[in-house]
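Residue numbers (this note's numbering): 131 to 318. I have placed the structure first, in the form of C-alpha cells, so that the comments after it can refer back to it.
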C-alpha cells in the first residue's frame, strides 16, 4: 500500500526533482484540486494490489526484473475495479529526452499525474528508433511502478521461505519510506 504524496487542496500540487547520477532523469507530479474520492479509491486498490512478478532477465546484469507487462498485470485489474483508469502518453520533450506522462483518473474526474523524462541515445548494435523504444518502455515501467507504489518480487522467492509461526504479537509487515514529500509503504 502507499501513503500518497497528496498535497492538500487548492491549486494543483506539484513536486519536481532531478537525479544527478550517471543518467539524469527529471520528473514532476501534480493532482487535481480535489482528490478525496480518488484517494479513497487508490487506497482500496493498493490494499488489493499484488506485487509485480520479476519475470524478465537482464542479460547484461544477469538479474531478474518486473517488465512493463508484469507491472501492468499487478496494477490495472485492481485500479479498474476501483474506478481508476491509467493512461500513459509519450513524446520527445524539449530537452530531447523521451517524455512520458502517466495519469491516474478516477471516475469522479479527480486525477493525479506524473511526467518523467529519460535520456536516450543510439548504442552500438541498435538504431535510434530502438533506443527510443527502450527508453520509452523503461520510463513507462518506472513511472507506473512509482505512482502505484507497486513492488516487484520473485515468482518463486516467497515459496522458498518457511512460513512464519504466529506469535500472538503484531507483526510489522511494512515500513514507511519517505522520498521528499512523497512516502510509500514498502514490504519488508
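Note that CB positions come from ideal geometry on N, CA and C, so glycine has one too. Owing to the predicted nature of the structure, the values given are computational and were not obtained by experimental measurement.
In the DSSP output, which residue or residues are listed as bridge partners for residue 236? For residue 236, the beta-bridge partners assigned by DSSP are 214.
What separation, rounded to the nearest whole angstrom, lies between the Cα atoms of residue 171 and residue 214? Approximately 7 angstroms between the Cα atoms of the pair.
On the three-state DSSP scale, how would you describe residue 173? In the structure shown, residue 173 sits in a helix (DSSP, three-state: H, G or I).
Other residues of its chain near residue 265: CB distance less than 6 angstroms, five sequence neighbours each side excluded: In chain order, 228, 248 and 250 place their CB closer than 6 angstroms to the CB of residue 265, counting only its own chain and leaving out the 5 sequence neighbours on each side.
Straight-line gap, residue 284 to residue 185 (C-alpha atoms, nearest Å): Between residue 284 and residue 185, the C-alpha separation is close to 8 angstroms.
Cα-Cα separation between residue 179 and residue 272, rounded to whole angstroms: Rounded to whole angstroms, residue 179 and residue 272 show a C-alpha spacing of 17 angstroms.
Report back the beta-carbon spacing between residue 201 and residue 209 to the nearest angstrom; my notes put them in contact at under 8 angstroms. Actually they are not in contact, since the Cβ atoms of residue 201 and residue 209 sit about 12 angstroms apart, beyond 8 angstroms.
Buried versus exposed call for residue 182 [16 or more other C-beta atoms within 10 Å across all chains shown]: Per the 10 Å Cβ criterion, buried.
Based on DSSP bridge pairs, tell me the residues matched to residue 243. BP columns for residue 243 point to 160 and 233.
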